[in-house]
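Working notes, beginning with the structure itself.
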């Protein structure tokens, strides 16, 4: 895949960014083409993102802001992300590593700052560090689900977008049973993503609140707001990263050791 500039590639951490897609005459063909472009935009041999995260309760109370690093490697059959605390001190080097692989399914492990710290099973659907950021969302697995359809059109911040409804296979054990993505097909960005449970209740939504132009002239997500079911708000802003990050063997080595039992 032709690499895009840093923020364009790393936009997949918030809402996947893809190349522009023209609407086809057939709605089914358009959905297939659009979803394929979003899947292709995820593919990366390695990237790192650094982000500022801040949360606020419905009553206006603000949590302590913090910084995270996210390292990812996204292939066709295996997607993995490592989320590591940078600051403040209480979360520094605490990490959650999550993988979705065709042969091994969905797994997540958590560990502390010591290199020899034992890894413990983690919930990939849990809030990270008390925010509404969720490790499973960073994988954007809904673009691989079998049921994809165009269900409408909306306008978000002056941008027209089409709404893609994604649903998993019945045997999939995901807590999330439906995702609706409002995709600006000209910019190739999911401007709003809503995640629902099996009863149709909204679990959380992810809205891109600030876009930026890349060096290649394409659009990318810069800031996103995550709203939880309890109306808690989390803002995520990417402030740096590396689109050609060299993933070290130990980055996802704990997953391999856990699988082998060593």
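Residue numbers (my numbering): 187 to 448. Even for Gly, the Cβ is constructed at its ideal location relative to N, Cα and C.
Have a look at the DSSP bridge pairing and note the partners of residue i.
i: residue 250; result: For residue 250, which the question treats as bridged, DSSP gives no partner whatsoever.
i: residue 420; result: 241, 412
i: residue 271; result: 254
i: residue 382; result: 364, 388
i: residue 334; result: 352
i: residue 231; result: In DSSP, residue 231 forms no bridge with anything.
i: residue 260; result: 230, 265
i: residue 433; result: In DSSP, residue 433 forms no bridge with anything.
i: residue 236; result: 255, 426
i: residue 397; result: 407
i: residue 370; result: 375
i: residue 339; result: 348
Quick check on DSSP: helix, strand or coil for residue i?
i: residue 426; result: strand
i: residue 221; result: helix
i: residue 439; result: helix
i: residue 211; result: Residue placement at residue 211 is poorly supported in this model, since its pLDDT is 41, which falls under 50; the coordinates still yield a value, given next. Here residue 211 sits in coil by DSSP.
i: residue 346; result: strand
i: residue 324; result: helix
i: residue 319; result: coil
i: residue 357; result: coil
i: residue 329; result: helix
Can you tell me the Cβ-Cβ gap for residue i and residue j, rounded? I've got them flagged as a contact below 8 Å.
i: residue 366; j: residue 354; result: Actually they are not in contact, since the Cβ atoms of residue 366 and residue 354 sit about 14 Å apart, beyond 8 Å.
i: residue 438; j: residue 314; result: Residue 438 to residue 314, Cβ: 17 Å. No contact.
i: residue 318; j: residue 418; result: 6 Å
i: residue 260; j: residue 228; result: 5 Å
i: residue 383; j: residue 225; result: Contact flag wrong, Cβ pair sits at about 24 Å.
i: residue 278; j: residue 255; result: Contact flag wrong, Cβ pair sits at about 11 Å.
i: residue 352; j: residue 333; result: 7 Å
i: residue 440; j: residue 283; result: 6 Å
i: residue 230; j: residue 249; result: With a Cβ gap of about 30 Å, residue 230 and residue 249 do not count as contacting.
What is the rounded straight-line gap between the Cα of residue i and the Cα of residue j?
i: residue 322; j: residue 425; result: 21 Å
i: residue 242; j: residue 294; result: 26 Å
i: residue 379; j: residue 275; result: 32 Å
i: residue 335; j: residue 325; result: 20 Å
i: residue 395; j: residue 377; result: 8 Å
i: residue 427; j: residue 252; result: 16 Å
i: residue 370; j: residue 421; result: 21 Å
i: residue 348; j: residue 221; result: 12 Å
i: residue 262; j: residue 218; result: 17 Å
i: residue 299; j: residue 306; result: 13 Å
i: residue 357; j: residue 350; result: 21 Å
i: residue 398; j: residue 442; result: 37 Å
i: residue 304; j: residue 289; result: 24 Å
i: residue 430; j: residue 264; result: 18 Å
i: residue 408; j: residue 423; result: 6 Å
i: residue 233; j: residue 390; result: 25 Å
i: residue 436; j: residue 344; result: 44 Å
i: residue 412; j: residue 434; result: 30 Å
i: residue 320; j: residue 311; result: 6 Å
*Scan the region 277–316 and note each continuous beta strand (DSSP E) run of 3 residues or more that stays entirely inside, going in chain order.*
Runs of the beta strand (DSSP E) inside the region 277–316: 281–287, 291–297.
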